[in-house]
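The structure appears right after this line, and notes come after that.
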Amino acid sequence: MSKVLAALNDQVIREFYSAYLYLAMTTYFADAGLPGFANWMRVQAKEEVTHANKMYDYLLSRGHKVVLGAIDAPPASWKSALDVMKAGLAHEQKVTGYINDLASLAVKEKDHATQIFLNWFVTEQVEEEQNFTDLVNALSLIKGEGQGLLMLDRELAGRTFTDATATADAG
Ligand code: FEO
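To convert, note that position 147 of the sequence shown is 202 in my numbering; the numbers rise steadily by one, no gaps.
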């Protein structure tokens, strides 16, 4: 079995974990009376499912029999909105590490098709980290409270889901 495809199979499960984690964070925000934040995080959770499916489809196209392992339970509580976004950023940084390791393995194993496939994810991770960084910075500026928090909540209510993996340049 290809080492690269087996490693990519592991990442499918991690992407589903990301969706699970962001769904747990959605619950936190809904419970905290911040529907805009809950909406933003729900969209984030949906995006992660598209990431998992993009990898799953690629593995099938390469003739790899995908094995779906257990998904860990995510945490259920955080201290504040800022705490959630910091945890989200730390999680994305970890995912970036996994994607980079996969890309390095594909190079080492001379799997050119997977190298090209992973380019989309390498680029996507820059955006993922940026999104969370922006929110960590915004929440730090407003100290995570008051009128600023309410305004940010209204802004985040406007995020809509689009399947970026379905566009023509998605690879
Ligand atoms: Fe699937 Fe948030 O990267």
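The beta-carbon is built from N, C-alpha and C at its ideal position, and this holds for glycine as well. Computed from a predicted structure; not experimentally measured.
Rounded to whole angstroms, the gap between the alpha carbons of residue 75 and residue 203 is 28 angstroms. Taking the CA atoms as reference points, residue 177 sits about 7 angstroms from residue 151. When rounded, the separation of the alpha-carbon atoms in residue 57 and residue 114 is 11 angstroms. Nearest Cα to residue 124 within the set 188, 192, 217 and 71: 71. Distance from residue 191 to residue 141 at the Cβ level is roughly 6 angstroms; contact confirmed, criterion being Cβ atoms closer than 8 angstroms. Distances between the C-beta of residue 183 and the heavy atoms of the ligand FEO include at least one below 6 angstroms. Between residue 59 and residue 166, the C-beta gap is smaller than 7 angstroms, which places the two residues in contact. Residues 105 and 109 of the same chain have their beta carbon placed closer than 6 angstroms to that of residue 220, with the five preceding and five following residues left out of the count. Residue 150 has its CB nearer than 6 angstroms to a heavy atom of the ligand FEO.
When the alpha-carbon of residue 147 is set against those of 88, 116 and 186, the nearest one is in 186. Apart from sequence neighbours up to five positions away, the residues of its chain that approach residue 122 with a beta-carbon distance below 7 angstroms are 64, ordered along the chain. Straight through space, the alpha carbons of residue 100 and residue 217 are spaced by roughly 12 angstroms. For residue 216, no alpha helix (DSSP H) segment is defined, and its DSSP state is neither H nor E.
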